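Contents: one structure, followed by commentary.
2 protein chains.
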Amino acid sequence: MNHKQEGTCFVLELAVLGLLKETPMSGYELKKQLSVKLGAFWRVSYGSLYPCLKRLAAAGDLEVEVSPFTSRKKHVYRLTDKGNRLFHQLLETADGHELEQDRFSMRLAFFRYLRPEARLYQLERRRGYLQERLADLRASVRTARERMDAYTIELMDHGLDEREREIAWLDRLIARERRSTEAQPEQNPAEPLSPAQLPQSPRDPRLPAQTG
Amino acid sequence: MNHKQEGTCFVLELAVLGLLKETPMSGYELKKQLSVKLGAFWRVSYGSLYPCLKRLAAAGDLEVEVSPFTSRKKHVYRLTDKGNRLFHQLLETADGHELEQDRFSMRLAFFRYLRPEARLYQLERRRGYLQERLADLRASVRTARERMDAYTIELMDHGLDEREREIAWLDRLIARERRSTEAQPEQNPAEPLSPAQLPQSPRDPRLPAQTG
DNA sequence: ACACCCATGTAAGGTGTTACATGATTAG
DNA sequence: CTAATCATGTAACACCTTACATGGGTGT
Numbered sequence: 006m007n008h009k010q011e012g013t014c015f016v017l018e019l020a021v022l023g024l025l026k027e028t029p030m031s032g033y034e035l036k037k038q039l040s041v042k043l044g045a046f047w048r049v050s051y052g053s054l055y056p057c058l059k060r061l062a063a064a065g066d067l068e069v070e071v072s073p074f075t076s077r078k079k080h081v082y083r084l085t086d087k088g089n090r091l092f093h094q095l096l097e098t099a100d101g102h103e104l105e106q107d108r109f110s111m112r113l114a115f116f117r118y119l120r121p122e123a124r125l126y127q128l129e130r131r132r133g134y135l136q137e138r139l140a141d142l143r144a145s146v147r148t149a150r151e152r153m154d155a156y157t158i159e160l161m162d163h164g165l166d167e168r169e170r171e172i173a174w175l176d177r178l179i180a181r182e183r184r185s186t187e188a189q190p191e192q193n194p195a196e197p198l199s200p201a202q203l204p205q206s207p208r209d210p211r212l213p214a215q216t217g
Numbered sequence: 006m007n008h009k010q011e012g013t014c015f016v017l018e019l020a021v022l023g024l025l026k027e028t029p030m031s032g033y034e035l036k037k038q039l040s041v042k043l044g045a046f047w048r049v050s051y052g053s054l055y056p057c058l059k060r061l062a063a064a065g066d067l068e069v070e071v072s073p074f075t076s077r078k079k080h081v082y083r084l085t086d087k088g089n090r091l092f093h094q095l096l097e098t099a100d101g102h103e104l105e106q107d108r109f110s111m112r113l114a115f116f117r118y119l120r121p122e123a124r125l126y127q128l129e130r131r132r133g134y135l136q137e138r139l140a141d142l143r144a145s146v147r148t149a150r151e152r153m154d155a156y157t158i159e160l161m162d163h164g165l166d167e168r169e170r171e172i173a174w175l176d177r178l179i180a181r182e183r184r185s186t187e188a189q190p191e192q193n194p195a196e197p198l199s200p201a202q203l204p205q206s207p208r209d210p211r212l213p214a215q216t217g
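Protein chains in written order, with the working numbering: chain A, 6 to 217; chain B, 6 to 217.
Now the structure itself:
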């Protein structure tokens, strides 16, 4: 009845496609690379990774080759054109949870594959989201501070501080992005073949309202 | 074969028992209170909450009373002695994931129910854990910085900063805890119902090794 | 001979959310 | 009357980890 796309929320698939975009690899190698490159904020187990690779290969997003260089079985996965399109789609798509910490971090890790306007758009949206969370927290602190014990107060204050810092950080990223966008209008389309273009027109950022 | 305790990891249970300890409530009310008191770092859906209440009631950790004050059915849950013991057990137990962000925050929110030494112990352990994560991150930045793009570097640096700040915050909490411990040795055993105050205890910190 | 990394995979279980189903009461 | 809020619950699905099962290669 209600047409859900086709399953998962694709943080894992994004990570996998993103790394395989650079270098074809086996599942085992991939896991190691994932923990080197993204391990700071995210990790997977084989129990997720291997089935994911199978799914993607079955869907034609990856090509498998059983490596001839070792006598033991070793599946080397390579990104197909279809897989590359999927990657860009996942990187740009809003799935309703795309602003949450882990999802956003994962996208940010692949920001270089986005066009500058798309980057700016995503940064602004994340900023707006955090601003809302911040407002929520402030509101709940205002109404309940009297009834809170010292530890809860510490928890709240620390949470406020963390969110404020994250917003400030985003502001720096946004400012930098804008500077480089304005400095060289219309230059690097993030990838020579511009595989997945946003359906947007050249100008008019049309950014989401800012709470602050 | 290998005797796992009895199921879940009990973040939800801890939250539920912790709030019901203060006031008996229905599931509906409970959800609202949870979002007011713990919503800053955690949330639940009814789909988790109601089954959890049933489980706890079935196990004898909660007593149910169908409220006579409203004509519509309304189950008011009250903590039993058994439930209170479970609460304290969950609050002190190390389950192998007890140092992760959400788990730790949840415990911290109920710190006033712990003895001062137990508080100090948990704060130190969390600090050690964060210190390790920090070291990991630093190591991976050292080895890979050259090969990282600007956005990944930002992600890493932001992560480093966040962890450092969290450690500094813990240091403040630890220092305060120690001060109040030393200031007034041997007084209230963690639960004579004074709403917001940091209690205390004798000497012998006996703290776990510090990574830093 | 043994240990240890490489390499792939599956089954079971944990933990949670969303969407649905149901209905009473209250405020306008 | 109708909309909102109170109130409870279930089924399906999403997503992940752990523990197990299996076996080749490499070093000592």
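Backbone N, C-alpha and C define an ideal beta-carbon position, used for all residues, glycine too.
Predicted model, so just to flag it, every value in this text is computed and none were measured.
>> Given a cut-off of 7 Å on the beta-carbon distance, is the pair Leu113(A) and Tyr51(B) in contact?
In response: no
> Which residues in the same chain have their Cβ closer than 7 Å to the Cβ of Lys78(A), if we skip the five residues on either side of it in sequence?
Replying inline: Val71
>> Taking beta-carbon pairs under 8 Å, can you tell me which members of the region 35-57 of chain A lie near chain B?
In response: Val41, Lys42, Gly44, Ala45, Phe46
> Using DSSP with H/G/I as helix, E/B as strand and the rest coil, what is Arg83(B)?
Replying inline: strand
> Is the region 129-140 of chain A close to the region 172-188 of chain A, with three or more CB pairs under 8 Å?
Replying inline: yes
> What does a CB cutoff of less than 6 Å around Gly88(A) pick up in its chain, not counting 5 residues either side in sequence?
Replying inline: Leu22, Asp66, Leu67
> DSSP beta-bridge partners for Met30(B)?
Replying inline: Tyr82(B)
>> Give me the DSSP bridge partner(s) of Glu70(A).
In response: Val81(A)
> Excluding the five sequence neighbours on either side, which residues of its own chain have a C-beta within less than 8 Å of the C-beta of Gly164(B), listed in chain order?
Replying inline: Leu142
> CA-CA distance, Pro213(A) and Phe46(A)?
Replying inline: Unreliable positioning characterises Pro213(A) in this predicted model, as indicated by a pLDDT of 38, which lies under 50. The coordinate reading is nonetheless provided below. Spanning the two alpha carbons is a distance of roughly 27 Å.
> Under a CB-based cut-off of 7 Å, is Leu113(B) close to chain A?
Replying inline: yes
> Going straight from the alpha carbon of Phe116(A) to that of Arg131(A), what length do you get?
Replying inline: 14 Å
> Cα-Cα, which of Ser40(A), Ala149(A), Ser185(A), Lys36(A) is closest to Leu125(A)?
Replying inline: Ser185(A)
> For Ser110(A), which of Tyr33(A), Leu43(A), Leu58(A), Arg181(A) has the nearest alpha-carbon?
Replying inline: Leu43(A)
> For the putative contact between Val49(A) and Lys37(A), defined by C-beta atoms under 8 Å, what is the C-beta separation to the nearest angstrom?
Replying inline: With 8 Å as the limit, Val49(A) and Lys37(A) do not qualify as a contact, their Cβ atoms being about 11 Å apart.
> With 16 as the cutoff for other CB atoms within 10 Å, does Ala180(B) come out buried or exposed?
Replying inline: exposed
> Pick from Val16(A), Pro56(A), Phe15(A), Cys14(A): whose alpha carbon is nearest that of Ser31(A)?
Replying inline: Pro56(A)
> Rounded to the nearest angstrom, how far is the Cβ of Leu128(B) from that of Leu178(B), given a contact under 8 Å?
Replying inline: 6 Å
> What are the start and end residues of the alpha helix (DSSP H) that includes Val146(B)?
Replying inline: 121-149
> Helix, strand or coil: which one does DSSP assign to Glu11(A)?
Replying inline: In this prediction, Glu11(A) scores a pLDDT of 46, lower than 50, which makes its location untrustworthy; no coordinate-derived value is stated.
>> Among Ala188(B), Tyr118(B), Leu96(B), Ala123(B), whose alpha-carbon lies nearest the alpha-carbon of Asp154(A)?
In response: Tyr118(B)
> With DSSP run on the structure shown, which of helix, strand or coil describes Met153(A)?
Replying inline: coil
> At which residues does the alpha helix (DSSP H) containing Ala62(A) begin and terminate?
Replying inline: 51-63
>> By the 7 Å beta-carbon criterion, what residues does the region 107-138 of chain B contribute toward chain A?
In response: Ser110, Leu113, Ala114, Phe116, Arg117
> Given that Leu61(B) touches chain A, what residues does it touch there, using C-beta distances under 8 Å?
Replying inline: Neighbours of Leu61(B) on chain A: none; closest Cβ ~23 Å, over 8 Å.
> Does the beta-carbon of Glu122(A) have 16 or more other beta-carbons within 10 angstroms, so that it is buried, or is it exposed?
Replying inline: buried
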